[in-house]
Structure formats: structure tokens, C-alpha cells
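Quick notes on the structure that follows.
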Amino acid sequence: MSWILSMVVCLLLTWGAAGFVIHKMIRNGKRNSSQS
Amino acid sequence: MPDKKSAGFNSRMGLMMTLIGGSVGTGNIWRFPRMAALNGGGAFVIALIIASFIVALPILNAEMLLGRATRHSGAGAFRDFLGDKYTWMGTFMVSVCMLITAYYMAILGWVFRYIGMSLTGSYLGKDLALVFDRTVNGNLLTYLWFVIPVLVLAVVLYKGIGSIEKVNMFMIPALFLICAILAIRAVTLPGSLEGVKYFFNIDWNYLVIPTTWLNALSQCSWSIGPGFCLTLAYAVYTQPKSDLSLNTSLQVFGNQSFAMLAGLMVLPAVFAMASSPAEAYAACASGNQGLTFITLTGMFQDMPGGRVLSVLFFTGLAFAAFTSAIGMCNVGQTFLMDFGWSRKKAVAGTVLFVLVVGTPSALSLRIFNNQDWVWGVALLLSTIFLGFAMNRYGLEKVRITFLNQPENEWKMGRWWSVCAGWIAPIMTAIMIIWWMAQSIAWFPDDWWDPTNLDGLATVVLQTVLLLLLLSVTNRKIARSIKRKYFNGKDFPEIPEEYR
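Residue numbers (the working numbering), protein chains in the order written: chain A, 564 to 599; chain B, 87 to 585.
If you want it as C-alpha cells, here you go:
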């Protein structure tokens, strides 16, 4: 595996995962505020 | 005066920054890059992510639900969740966290001295190993810089959770910015590409070596902090309906993201400034303190704009250490408030403990290293205790009642029960045995001698003494903790006395 592909995998697993969780948090916040 | 109006964390962003601030510490900056370099680069990152999923995330969820369901720090949480006779497990978690805090604050003393030395350039042209030795052993100026952050921390804690939130809201983005600037500088140095390749290249062979996994599990335990009690104590101040699993997930992945940034900041610079890959590898093998205070400091000397970069680097390290220290001191403060102490008295008690117990470590590197070794291993027991607590209460009962609340975006499947109840404690027990076996191999002639401050016997002796003390005081502690909020059905509101 080339180092560039390895870098993409590593960054997706860390920065990508953090970004995904933040996206879910924003969606969750909007959903809960619309219900209350 | 404490902010009477705020009921726990004021905003989701504040909670996010505080949880990330608690986890992101010196372990990300000075340990992760070294471990990645020594354990197959990208292969280590993959092992770390898997370890985070099977150990850190399930145990942090357990901590978060315990704190929020009982509205107590470690001891009170175990008392209400499992009964009086298990209180000692929670008290052990709090005690180990506070003993770690005491020596951890010494790092802030060193870091502030290095910020000063970077500003004045006083270490330029000197033997850096000698400079480090003189800074950390019996140096009264370093001791003063150990005391000052402890006093600043007392003010932050006294002002309440809103103040902790504000400090983290400033320091964590600032730390991100500092790391980003340093990473950009590092990857643009001539010859740095070798370091980037070395860092990211996935050497699959490393994934079949047990030590890669054991090092990843250790990094996961000491950097993200499952069992630290830090998340448990912060959970006391969280709203009953804020999404528990997403909060802990961000804590885990936010921590790993900072670790990657630190890797990009350190490894390309080390490879760019070293004369050969072997020299760069040797620098990474020189230990946390060696890499940070000797190798990197030396590299800053030789780098264009090195003094500014050095000030930035040590300021980032100070922010990382300070935000973690706030979280750890909050464990002690909340523990004392559980006994009905006022916030003022609880802060004074916590700070006094840190100053008294931390003084020997602030004045002697040997004692610092001993305490780091002893309580680092003892901390791992906390993960086993948390796994036991979940098992004893009923893994599925915990998962359905507390983790999968209707407002939660991410519902935990049965995998959580398997990981929290079995995989995490078993993996942690294997890790403890591995560290013990290693210490016997390091000192085959005197591992049994408790006066060998780096041996196995000192760990066993100090941990057993703490456990004996807790077994004697267990009933008194269980009965002295005021009030019970745990109802076994849902998360109670934040009690008035913690507002």
C-alpha cells in the first residue's frame, strides 16, 4: 500500500471519525431542540 | 464567587471542549508520536483505533453513565450503583487519579521553565541533558512554577464548572491552532517527507506482533483515560438528556485527532533534523522526557525561527497538561463535595493534597518517574473495576436503561455489553501482566526489591498499601457520603449543591 493511501486511511479513521461524530451531534442537537 | 446560575455545563460546545481537554494531555504530544514511530507507523494507528473501540469507548460510556446516574464522584458512584461494600473501588479510582495529578503538575513546572528558557534563549549552546537534569532536580525556580499553576487551577475550580468550561473553550482551540502551525512548519522542512512517510506507512507485519497491540492498549489507557474517573466526575455536571454516547465518542476521536496532529508536528521535524533515519529512530526511542526536553529542544536551536517555535511548542504542551489537570482535580473536588463539603473547602483540600504529595516529584525526577510508573500501572485496575461494576449491575440492564435513552442519536448494540463487561477488563488484565513481566525482565536481579524505584515490587507495595487503607476506611467513607440520587430508572437532574 502506498504511503499516500495509508495516510488517507489513518486520517479518515481519526479526523474523519471526529468529523462524523460532530455531524451527528449537530443533527442530534437540532432534532432535540425541534422536539422540545 | 461561584456562578450560582449555571446548572452544569452551559453549552454542548463547552462540554465537548472540556471532555477533549480532559483527555488530550502530554500523552498525545510526547508519547503518541514515539509509540507510532516505534510500532509500525500507520499499523499502530489502526491498532489504536481498534483498542479505542473495544476498551476506551465502552469504559468511558460506563464512567459517563455512572457519574450521571448517581451524581457522585467515584466513591459515591460505586456505593449507590453496587452497594456500600464496593465503595472502595470508586475510592481507589479517585485516589489513583489524585496521586497521578500530584506528580503530573510537576510537568507544568518543567514546561513553564522551558517557555522561559526559550524566550530568553538561556539554553542555547549548552549541554541540553545537563540543562534538563538541573531543571528537574532540586530547582527552586521550577518548584515555584509547579506551585503557580496549582494556585491558578484552584481559582478556576472555585469559580465552578462554568469557569472550567470557559478555560477549555479557550485552551483547546488555541492548542489546535498551535499544533497546526507547528505541523505545517514541520512538514515544510527540507527532508521532512521521510518522517511523514514513516509515520503513515502501514507496515502490516506489525499487526501480528503482540507488543504493537499491547502498546496501543497502553497508549489508549494512558492517553484517552478510561478508568481515570475524569469523565465520571464531569458527568455529574451534564444534563440528563444530553447524548451520552456521542459525547464520549467525540472525546475518543477528538483525542485521536489531536494525537495525529502531534504526530505530524513531531515526526517530520525529527526526521528532517536527524542526520539519518537510524538517528531519528533513536531519538524516538529516547523516552518521553528525552524526546521532548533534549532532542526537540536541540532541534529548535538549529531550526530557522526555532525560538518562536519552541515557545509555541511548550505553550501547547502547557495548555494540554493544564486542561487535563483541571479535569483530574475536578475528580478530587467533586469527591470531597460528596461528603457535604462546600466548594471552597473542597478546592482547598484538593489543592493542598496536590501541593503536598506533588512536592517530592517536583523536586526529584527519580521520584517523579517512580510515581509515574506505580500509578500508571495501578490506574489500569480501575478499568477492571468499571467492567466489574457493569457486570455486577447487569450489562443488558445498564445498556437498555441508561445507554439507549430515546434522545440518544447513537444506540449501543450488544457489542457494548461484550466489550465493557468482558473484553476491556480481560485486555486490561493482560496488559497489567505484560507490564509486570517486562519489569521483571528489565531488572532480573532486583525486581523484588521495593527500594528499586523502577522495579515491580514498588508498584505492588504502594498499590497494596493503598488498597489496605481503603479496605480499612471503606465503611466510614460509604456512610459519610451525603445524599443518594440514584433511582435505577433514569438520570436525575443536577443536584443543587453541584450547581
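Every residue, glycine too, gets a C-beta built ideally from N, C-alpha and C. Keep in mind the model is a prediction, meaning the values are calculated, not measured.
In the displayed model, glycine 473 of chain B falls within a helix according to three-state DSSP.
Annotation for leucine 214 of chain B: Ile380, Thr383, Gly384 place their beta carbon closer than 6 Å to its own, counting only its chain and skipping 5 residues before and after.
Between leucine 575 of chain A and chain B, the shortest Cβ-Cβ separation is not below 8 Å. The C-alpha of arginine 594 of chain A is placed about 9 Å away from the C-alpha of glutamate 493 of chain B. Within the same chain, and ignoring the five residues on either side of valine 236 of chain B in sequence, the residues whose Cβ sits closer than 7 Å to its Cβ are Met191, Val437, Val440, Leu441.
Under the three-state reduction of DSSP output, isoleucine 295 of chain B falls in the coil class, being neither helix nor strand. The secondary-structure analysis by DSSP pairs glycine 207 of chain B with nothing; it has no beta-bridge partner.
Taking a Cβ-Cβ threshold of 8 Å, the residues of chain A close to arginine 98 of chain B are Met588, Gly592, in chain order. Taking the beta carbon of glutamate 251 of chain B as reference, no residue of chain A falls within 8 Å; the closest one sits roughly 16 Å away. In terms of beta-carbon proximity, glycine 128 of chain B lines the interface with chain A, with at least one pair separated by less than 8 Å. Taking each of B:Pro511, B:Gly402, B:Thr274, B:Asp458 in turn and checking the Cα distance to proline 259 of chain B, the smallest one comes out for B:Gly402. The DSSP-derived three-state label of glycine 376 of chain B is helix. A Cβ-Cβ contact shorter than 8 Å links tyrosine 244 of chain B with valine 433 of chain B. Taken atom to atom, the span from the alpha-carbon of threonine 420 of chain B to that of glycine 574 of chain B is near 21 Å. In this structure the stretch 318-337 of chain B does not lie against the stretch 194-203 of chain B, because fewer than three pairs of beta carbons, one per stretch, are closer than 8 Å. Rounded to whole angstroms, the gap between the alpha carbons of alanine 345 of chain B and methionine 423 of chain B is 34 Å. Neighbourhood of glutamine 342 of chain B in chain A, by CB distance below 7 Å: Thr577, in chain order. Isoleucine 453 of chain B has no beta-bridge partner at all, per DSSP.
Alanine 358 of chain B and glycine 376 of chain B have their C-alpha atoms some 18 Å from each other.
The beta carbon of leucine 332 of chain B is closer than 7 Å to those of Glu495, Trp496 in its chain, skipping five residues each way along the sequence. In this structure, the CA atom of isoleucine 247 of chain B is about 14 Å from the CA atom of methionine 99 of chain B. Those residues of the stretch 106-131 of chain B placed with their C-beta closer than 8 Å to a C-beta in chain A are Gly127, Gly128, Val131, ordered along the chain. Out of B:Phe130, B:Thr537, B:Gly473, B:Gly413, the CA that lies nearest to the CA of threonine 187 of chain B is found in B:Gly413. The beta carbons of asparagine 341 of chain B and serine 304 of chain B sit no closer together than 8 Å. Here the stretch 118-126 of chain B does not lie against the stretch 267-279 of chain B, with fewer than 3 beta-carbon pairs under 8 Å apart. In the three-state DSSP reduction, isoleucine 580 of chain B falls in the coil class, being neither helix nor strand.
Legend: CB atoms of the stretch 275-287 of chain B lying less than 7 Å from CB atoms of chain A belong to residues Lys283, Phe286, Asn287.
Distance from the CA atom of leucine 576 of chain A to the CA atom of alanine 355 of chain B, rounded to whole angstroms, is 23 Å. Counting along the chain, threonine 221 of chain B sits inside the alpha helix (DSSP H) bounded by residues 214-222. Three or more Cβ pairs closer than 8 Å define a contact, and the stretch 142-159 of chain B meets that threshold against the stretch 502-522 of chain B.
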